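Here is the structure we will look at.
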Amino acid sequence: MIRLKRSVLNRLDPQSPTVDAVCATLQSAIELEHATIPVYLYALYSLDAHKNAAIAGIIQSVVIEEMLHMVLAANVLNALGGTPVVDTPDFIPRFPGPLPGDVDSELTVHLRPFSTEQLDLFLDIEEPEHPINYKTFRSAALPEGPVTIGQFYGTIIEALGNLPAGSFANPPRHQVGPDLMREAVIVTDLASAQEALRRIVEQGEGTSRSPLEGDGGGIAHYYRFMQIKKGKALIATPGVGPVDEQYAYGGAAVPFDDTGVFPAPADPLAANYPAGGVARFQCDRFNYSYTALLKSLHALLGGDGTGDRMKGAIGLMMSLKSQAKAMMAAIPNPAFHTGPSFEYLDAAPVERPRGTAARAG
1 MIRLKRSVLN RLDPQSPTVD AVCATLQSAI ELEHATIPVY LYALYSLDAH KNAAIAGIIQ
61 SVVIEEMLHM VLAANVLNAL GGTPVVDTPD FIPRFPGPLP GDVDSELTVH LRPFSTEQLD
121 LFLDIEEPEH PINYKTFRSA ALPEGPVTIG QFYGTIIEAL GNLPAGSFAN PPRHQVGPDL
181 MREAVIVTDL ASAQEALRRI VEQGEGTSRS PLEGDGGGIA HYYRFMQIKK GKALIATPGV
241 GPVDEQYAYG GAAVPFDDTG VFPAPADPLA ANYPAGGVAR FQCDRFNYSY TALLKSLHAL
301 LGGDGTGDRM KGAIGLMMSL KSQAKAMMAA IPNPAFHTGP SFEYLDAAPV ERPRGTAARA
361 G
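When we follow UniProt numbering, the leftmost residue of the sequence shown carries the number 1, and every step to the right adds one.
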């Protein structure tokens, strides 16, 4: 379970908050939601989708919702007059290392190919305070010491309710709506702001009544990943046991074929690939595209919420996927598997020298 340093909330008094304090905490939320994306993508890209299609589908579905969570937190921040910042080197976590705000010294997050051990890391990240039957979060009763993700968002939700009248921009300001991203919430007032943040919590943890993302929603992230560990899909079992236990991992098989994982390196760094070689060029090209994506998202979340901007961001995402898959599948050199390092690079990489297609370094 992720526990955050209390310092991420120390600046926020939920009983008498300032708009600036809420905005600063929402920026921390955006950073936290983004931090898991490279970790999940690295595992996803390492999978041979023909051999591990079900697992790839589960991880990809979680990544899409983590991106949605970034948008939801940014929508609330924008509605309060703030400006989301995603286009800086410091926005990207360092791997290996902790997630932003993480206090659990035993939880070191790595960029690694998919494995049962990496799956355990995913479950640690997404685990709610009490799986299935966890308590409703209330910031007023927070214990001393670290806080859970649910408590973190619960405190922000409470603080929103105590902001001065007129804190929310209306008409909507810099909003990414459901026309651009499915399930996005346009924030114009307290109710829509709290709905947006509750959606983040429920998609990650489920509700106190079930493992679903709220009424009629899909399976929350923790239980989605647990399907991989259990080897079977989670299904409803109406009438069997208490209401909050009427689910079981007894559906379709979710098999893991360990021969369907490319042997990419753990925690790659661009600097570890020899300059001038194919691997370095591939890694730099990926990082340049990744940085371009962050710049595009920065513009999208900063007011350029147009269809063209969204199409550009989606195009960059597709490019990142194809580049990473080629690196991990050892193309063009079948003897040398490489991996993307998810580092900030805003200068175009030097073109690969001619005649080096088969040279790893």
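C-beta atoms are modelled at their ideal positions from N, C-alpha and C, and glycine is treated no differently.
Values in this document were obtained by computation on a predicted structure and should not be read as measured data.
Is DSSP giving residue i helix, strand or coil here?
| i | result |
| --- | --- |
| Gly315 | helix |
| Val86 | coil |
| Ala358 | The predicted position of Ala358 is uncertain, since its pLDDT is 41 and thus under 50; a value taken from the coordinates is nonetheless stated next. Note: Ala358 maps to coil in three-state DSSP. |
| Ser139 | Because the pLDDT of Ser139 is 40, which lies under 50, any placement of that residue in the model is unreliable, and the question is left without a value. |
| Asn133 | Per-residue confidence for Asn133 stands at a pLDDT of 30, beneath the threshold of 50, marking its modelled position as unreliable; the derived number appears in the next sentence. Reduced to three states, the DSSP call for Asn133 is coil. |
| Lys232 | strand |
| Arg224 | helix |
| Ile157 | helix |
| Gly250 | strand |
| Thr259 | helix |
| Arg182 | coil |
Just mark residue i as buried or exposed, buried being the case when its beta carbon has 16 or more other beta carbons within 10 Å.
| i | result |
| --- | --- |
| Pro113 | buried |
| Pro334 | exposed |
| Gln15 | exposed |
| Asp13 | exposed |
| Ile2 | buried |
| Val254 | buried |
| Val86 | buried |
| residue 377 | This structure does not reach residue 377, given that the chain is present from 1 up to 361, and the question cannot be answered. |
| Glu351 | exposed |
| Asn52 | buried |
| Asp90 | exposed |
Of the residues the options, which one's Cα is nearest the Cα of residue i?
| i | options | result |
| --- | --- | --- |
| Tyr153 | Phe95, Ser28 and Met310 | Ser28 |
| Phe342 | Pro332, Glu195, Met317 and Ala335 | Met317 |
| Gln203 | His298, Leu190, Arg224 and Thr188 | Arg224 |
| Arg6 | His298, Ile149, Ala236 and Tyr247 | Ile149 |
| residue 363 | Gly260, Met70 and Pro238 | Limits of the chain in this structure are 1 at one end and 361 at the other, which puts residue 363 out of reach. |
| Ile186 | Leu301, Ser61 and Gln323 | Leu301 |
| Phe286 | Tyr222, Pro93, Ser319 and His337 | Ser319 |
| Gly305 | Gly177, Tyr249, Asp284 and Ala275 | Gly177 |
| Thr88 | Ala313, Leu77 and Thr291 | Thr291 |
| Pro96 | Leu269, Ala248 and Thr83 | Leu269 |
| Ser322 | Arg309, Asp308 and Pro340 | Pro340 |
Do you know how far the Cα of residue j is from the Cα of residue i?
| i | j | result |
| --- | --- | --- |
| Lys325 | Tyr42 | 10 Å |
| Lys230 | Glu126 | 16 Å |
| Pro17 | Ala74 | 18 Å |
| Ala272 | Asp189 | First, the residue type needs correcting, since residue 272 is Asn and not Ala in the sequence shown. Taking the straight line from one Cα to the other gives about 49 Å. |
| His110 | Asp346 | 23 Å |
| Val147 | Asp257 | 37 Å |
| Ala140 | His50 | Low per-residue confidence applies at Ala140: pLDDT is 43, beneath 50, and the placement is therefore not dependable, though the value from the model is reported in the following sentence. Computed Cα separation, rounded: 49 Å. |
| Gly251 | Gly57 | 16 Å |
| Ala279 | Thr259 | 23 Å |
| His221 | Thr338 | 28 Å |
| Ala193 | Val76 | 6 Å |
| Leu297 | Ala313 | 7 Å |
| Leu121 | Arg94 | 16 Å |
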